[in-house]
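Report on one structure; see the data block that follows.
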């Protein structure tokens, strides 16, 4: 097994059989110079106007930014919530805490140590006069004499902050007192760590390690945290140190970690994954980090502004080499939802943006932002991530979201599926649905990226009923038919002649819609069916299976009567919500169209988020908080490790038996979003992790 990207954009390669094996590399093309994925470390930069002038140095760590002054370190936490619901915007949640050295000397002198190679550039916005360039980074910063004969040294341990109190002869470790201004609580944990609660998050300062150096040997000195209450003020943390040789230096060394370490110094969310030539792995999603790893020659090497930018990253199959990595964005908000790669290594990405300055290419289908809150975008990136070959807006005057992109097989055309509430979303003559039918409709749009402006639009249509219909996922078969899955609460969602389920069964159901985009109006609908029970059901993933001439689908159901087939692996809902996997044939054969269907879950909340076809076995990735999620005896991780874990399951085609099933996660919150297979049936997974102990392999 190989974890390919040691960010919270967690990317994993698995062989889902009775045993696990690493993905087989298919060769090695040119690797662009760039950072080693495991060598990215905290860099301290002098304050040249990046922040408040009282700050001496600043650094960006694993989920936080730290601002250093002689008497304190302010830790700023930022967490991004990526919206899953149509119309929602990304939300940034921030909090700050000041770790003050009570009684420290404000005159303590700062000294930057160990210059790092390279320079830091802050290129925010389009005004070059406001850019800060050529800032020398350092590996550590020392403040001398913060207390009498006591220094404090800040440095990085990977992406986490470490700091040492260095007590020289004549100094006293009892002088050191840490006050946490802004904290909701300070406590000593049972494992000896110090826990500092702030805004629903807990910072951890590990149990201190104290030692004295004797030649090449470190001799440990017993040390522990002590929490002392104060009258009318926050609790103070101090160190209790065992007897030591006071004629020698004493080093007291705690480590700070914060659970949201993702990509760069802030929050990064991997949304989709694709496998390209030589089994290279391509990932897209969204990042808040201004120091997200980028490669030399990247199309956009800097964060453009706003709250969030798209990222696109290409890795080799082993995960040890970064082929390329780039931002794509503007001063608005952008999210990359889906990625697909053609045989030439061109990455096709779709998502949405809130800003008309999002990069588009000349003579693309639509180069002008259409207004409203969001426009969809679709783009093509060259094989080395240096050039945007094609990029276009897609939308109307309302809210538009592209959720899935796929190649159609008509030349180099691609199609996107998503949702809109725009009354003027672009449609083509004789499409299936020429107008908005309800509040929100699903949409399908096919584009030939030839640089002919409006002539690039091959086909575009609404799909919906009188209420809310969201296109969530899409798969295209060899005949060019688009199989679209999604969510609906419309009683009048368009249904074909003899579907499996002709009526809405609950408040919200999934739907499966097969479109033949040839311009025959209503006749373009090949098949359409609801899929759900009497409660709440969502369809998140769909893939065409040529062996059965059917679609495997997955999602989440709260219904206790979700349609299952006799002999299902799990015939009943085991918790508050279960994942489901179904095999549905778009044949207009009524109830016989459901070839197989099963619940998948435990006693908690389980959801299937994406599905891949193993010809003819389905592979599903999702998220669970169930301690009894069904896993196989060969699971690489048989138990739930955190509050949420990703899960991966491979099923036999009739969905009555799991070939392989496992949890995948660490001690915190981990979510599985995307899955893709290579030609050797190795499964590549992406998601997000907030776990310090997320399982990774060496060399990543």
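In this note's numbering, the protein residues as written are 1175 to 1874. Glycine included, every Cβ here is placed at the ideal spot set by N, Cα and C. The model shown is predicted, which means the values in this text are computed figures rather than measured ones.
Beta-bridge partners of residue i, as assigned by DSSP
i            : result
residue 1145 : Given that the chain is displayed from residue 1175 to residue 1874, the structure contains no residue 1145 and the question cannot be resolved.
residue 1477 : Answer is none; residue 1477 lacks a bridge partner.
residue 1285 : 1316
residue 1522 : 1514, 1554
residue 1615 : 1594
residue 1459 : 1444, 1485
residue 1340 : 1325, 1425
residue 1394 : 1385
residue 1399 : 1413
Three-state secondary structure assigned by DSSP to residue i
i            : result
residue 1604 : coil
residue 1214 : Because residue 1214 carries a pLDDT of 49, less than 50, the predicted location of this residue cannot be relied on, and the following value inherits that uncertainty. Coil, per DSSP.
residue 1755 : strand
residue 1180 : Model confidence at residue 1180 stands at a pLDDT of 30, short of 50, so the residue's coordinates are unreliable and nothing is read from them.
residue 1675 : coil
residue 1811 : coil
residue 1220 : strand
residue 1347 : helix
residue 1204 : Bear in mind that a pLDDT of 31 at residue 1204, under 50, signals an unreliable position, so the model cannot answer this.
residue 1439 : At residue 1439, the pLDDT of 49 sits below 50, so the modelled position is not reliable and the matter cannot be decided from this model.
residue 1453 : helix
residue 1198 : Reliability of the predicted coordinates at residue 1198 is poor, the pLDDT of 27 falling under 50, and no value is obtained from them.
residue 1354 : strand
residue 1770 : strand
residue 1433 : Confidence at residue 1433 is low in this model, with a pLDDT of 35, below 50, so the placement of that residue should be treated as unreliable; the coordinate-derived value is given next. In the structure shown, residue 1433 sits in coil (DSSP, three-state: anything other than H, G, I, E or B).
residue 1381 : coil
residue 1862 : strand
residue 1302 : helix
residue 1819 : strand
residue 1764 : helix
residue 1330 : strand
residue 1530 : coil
residue 1227 : coil
residue 1359 : strand
residue 1408 : strand
Span of the beta strand (DSSP E) around residue i
i            : result
residue 1848 : 1844 to 1851
residue 1779 : Premise fails: residue 1779 is in no beta strand (DSSP E) and is neither H nor E.
residue 1685 : 1683 to 1689
residue 1580 : 1574 to 1581
residue 1714 : 1711 to 1719
residue 1838 : 1832 to 1838
residue 1547 : Note, residue 1547: premise wrong, no beta strand (DSSP E); not H, not E.
residue 1724 : 1724 to 1731
residue 1635 : 1631 to 1637
residue 1426 : 1424 to 1427
residue 1610 : Residue 1610 -> no beta strand (DSSP E), and no H or E assigned at all.
residue 1795 : 1792 to 1798
residue 1875 : No answer is possible for residue 1875: it lies beyond the span of the chain, which begins at 1175 and ends at 1874.
residue 1656 : 1656 to 1662
residue 1644 : 1643 to 1650
residue 1703 : 1699 to 1705
residue 1566 : 1562 to 1568
residue 1369 : 1368 to 1372
residue 1499 : 1496 to 1502
For residue j and residue i, believed in contact at Cβ under 8 Å, the rounded distance
i            : j            : result
residue 1777 : residue 1805 : Incorrect: roughly 14 Å between the Cβ atoms, too far for contact.
residue 1616 : residue 1593 : 6 Å
residue 1525 : residue 1482 : Actually they are not in contact, since the Cβ atoms of residue 1525 and residue 1482 sit about 10 Å apart, beyond 8 Å.
residue 1287 : residue 1342 : Wrong, their Cβ atoms sit about 17 Å apart, outside the cutoff.
residue 1293 : residue 1356 : Not confirmed; about 33 Å, so no contact.
residue 1474 : residue 1500 : 5 Å
residue 1337 : residue 1428 : 7 Å
residue 1521 : residue 1509 : Wrong, their Cβ atoms sit about 16 Å apart, outside the cutoff.
- Message: Below 8 Å, how does it come out for the region 1454 to 1469 and the region 1378 to 1396: are there three or more Cβ pairs, yes or no?
- Response: no
- Message: Within 8 Å, do at least three Cβ pairs link the region 1557 to 1574 to the region 1534 to 1548?
- Response: yes
- Between the region 1837 to 1853 and the region 1808 to 1824, do three or more beta carbon pairs fall short of 8 Å? yes
- Message: With three or more beta-carbon pairs closer than 8 Å as the criterion, would you say the region 1670 to 1681 touches the region 1599 to 1607?
- Response: no
- Message: With three or more C-beta pairs closer than 8 Å as the rule, is the region 1763 to 1774 touching the region 1743 to 1750?
- Response: yes
- Message: Below 8 Å, how does it come out for the region 1341 to 1352 and the region 1276 to 1284: are there three or more Cβ pairs, yes or no?
- Response: yes
- Message: Three or more C-beta pairs under 8 Å: does that hold for the region 1691 to 1698 against the region 1748 to 1768?
- Response: no
- Query: Touch check for the region 1645 to 1663 and the region 1713 to 1727: three-plus C-beta pairs under 8 Å?
  - Reply: yes
- Is the region 1390 to 1397 close to the region 1365 to 1374, with three or more CB pairs under 8 Å? no
- Query: Is it true that the region 1702 to 1721 meets the region 1680 to 1692, where meeting means three or more beta-carbon pairs spaced less than 8 Å apart?
  - Reply: yes
- Task: Take every Cβ of the region 1302 to 1310, pair it with every Cβ of the region 1320 to 1327, and state whether three or more of those distances are shorter than 8 Å.
- Result: no
- Is it a yes or a no for the region 1730 to 1740 touching the region 1634 to 1647, going by three-plus beta-carbon pairs under 8 Å? no
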